[in-house]
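Asks: Take a look at this one; I'll ask things after.
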Amino acid sequence: MKPYADQLNQTGQKFDWQVAVIKSNEINAYVAPGGKVVFYTGIVDTLKLTDDEVAAIMGHEMVHALEEHSKNKVGAQALTDLAVSIGSKYVGQSAGGYGGLLLDMGAQFGVGLPFSRNLESRADKGGLMLMARAGYNPNAAITLWQKMNAQDSRGNSVLNKFTSTHPTNDDRIAALQQLMPEAMTVYKTKK
């Protein structure tokens, strides 16, 4: 997948793509600055992932790096914090002394969490197309999230839909299904 990720790189920095594996039962993966993708053995072992499903995760994490989502998230949080700080000066101790707290909660639920979910959705879409370009079956992105659903269906609760930094598993599956015709067209050109 590296050559295809490098073609998409518009950051101006060279990524030294590496994979690190941490022996842990945790079901997780993430990307660190510079292109180090970290997998916990728990995600591979517990979900019994196929190579194509691993590629779905890899593509997702690579897109986070390529689109500089961590940097964007920090910048957005700084702007939100500034707005809350300024707003708190005007709201002060209103609402029984909870004005600042209410502003902070409003910023998180109205800006921070939706922004984070949007970045996750972008990584899902970009990762799907990246894995298809690299010759991995994009249908595996859907089976990955179906396995995640089977492991923990709490991720689809109404509360989680609004309080999580990530889209629900069901929302991810639905979005990937909508993108599948385009991804399959790309994939078929690589076979």
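Just so we're aligned, residue 1 is where the sequence shown starts under the UniProt record's numbering, counting upward by one.
C-beta: ideal position from N, C-alpha, C; glycine also.
Reducing DSSP to helix, strand and coil, say where I27 ends up.
Replies: Sequence index remark: in the sequence shown, residue 27 carries index 27 (1-based). I27 falls in the coil class under three-state DSSP.
Asks: Quick check: the Cα distance between G127 and Q146, rounded to an integer number of angstroms?
Replies: Against the sequence shown, residue 127 aligns to sequence position 127. Against the sequence shown, residue 146 aligns to sequence position 146. Whole-angstrom Cα-Cα distance: 17 Å.
Asks: With K14 as the anchor, note down where its beta strand (DSSP E) starts and where it stops.
Replies: Taking the first residue of the sequence shown as position 1, residue 14 is located at position 14. From DSSP, K14 is part of no beta strand (DSSP E); its letter is neither H nor E.
Asks: Ignore the nearest five residues each way along the sequence and tell me which others in A78's own chain have a CB closer than 6 Å to its CB.
Replies: As a first step, residue 78 is located in the sequence shown; it is residue number 78 there, counting from the start. Because A78 carries a pLDDT of 47, less than 50, the predicted location of this residue cannot be relied on, and no value is offered for it.
Asks: What three-state label does DSSP hand K36 in the structure shown?
Replies: Counting from one through the sequence shown, the residue named residue 36 turns up at place 36. In this structure, K36 counts as strand in the three-state DSSP scheme.
Asks: Spell out the partners DSSP gives Q18 in its beta bridges.
Replies: Taking the sequence shown and counting its residues from 1, the one referred to as residue 18 is at position 18. According to DSSP, Q18 bridges with K36.
Asks: For S24, which of P33, Q18, H64 and V38 has the nearest alpha-carbon?
Replies: Here residue 24 refers to the residue found at position 24 of the sequence shown. Looking at the Cα atoms, V38 is the closest of the given residues.
Asks: Please report the Cβ distance between A56 and F15, rounded to the nearest whole angstrom; I am assuming they are in contact, meaning their Cβ atoms lie under 8 Å.
Replies: The sequence position of residue 56 within the sequence shown is 56, counting from 1. The sequence position of residue 15 within the sequence shown is 15, counting from 1. Incorrect: roughly 19 Å between the Cβ atoms, too far for contact.
Asks: Using CA coordinates, which residue listed in T185, A20 and T143 is at the minimum distance from R172?
Replies: In the sequence shown, the residue the question calls residue 172 occupies position 172. The shortest Cα separation from R172 among T185, A20 and T143 belongs to T143.
Asks: In whole angstroms, give me the CA-to-CA distance for Q177 and N139.
Replies: Within the sequence shown, the letter at position 177 stands for residue 177. Within the sequence shown, the letter at position 139 stands for residue 139. Each residue's alpha carbon lies about 9 Å from the other.
Asks: Can you look up E67 in the DSSP assignment and give me helix, strand or coil?
Replies: For this step, residue 67 is matched to residue 67 along the sequence shown. Residue state, collapsed to three classes: coil.
Asks: How would you call P181, buried or exposed, if buried means at least 16 neighbouring beta carbons within 10 angstroms?
Replies: In the sequence shown, the residue the question calls residue 181 occupies position 181. When all chains shown are included, P181 counts as exposed.
Asks: Need the endpoints of the alpha helix (DSSP H) that P181 sits in, please.
Replies: Here the question's residue 181 lines up with position 181 in the sequence shown. Where P181 is concerned, the enclosing alpha helix (DSSP H) stretches over N169 to K190.
Asks: Roughly how many angstroms separate the alpha carbons of A29 and I43, rounded to a whole number?
Replies: One-based indexing of the sequence shown puts residue 29 at position 29. One-based indexing of the sequence shown puts residue 43 at position 43. Going by the C-alpha atoms only, they are around 8 Å apart.
Asks: Could you compute how far the alpha carbon of Q18 sits from the alpha carbon of Y40?
Replies: To locate residue 18, count along the sequence shown from 1; it is residue 18. To locate residue 40, count along the sequence shown from 1; it is residue 40. Between Q18 and Y40, the C-alpha separation is close to 14 Å.
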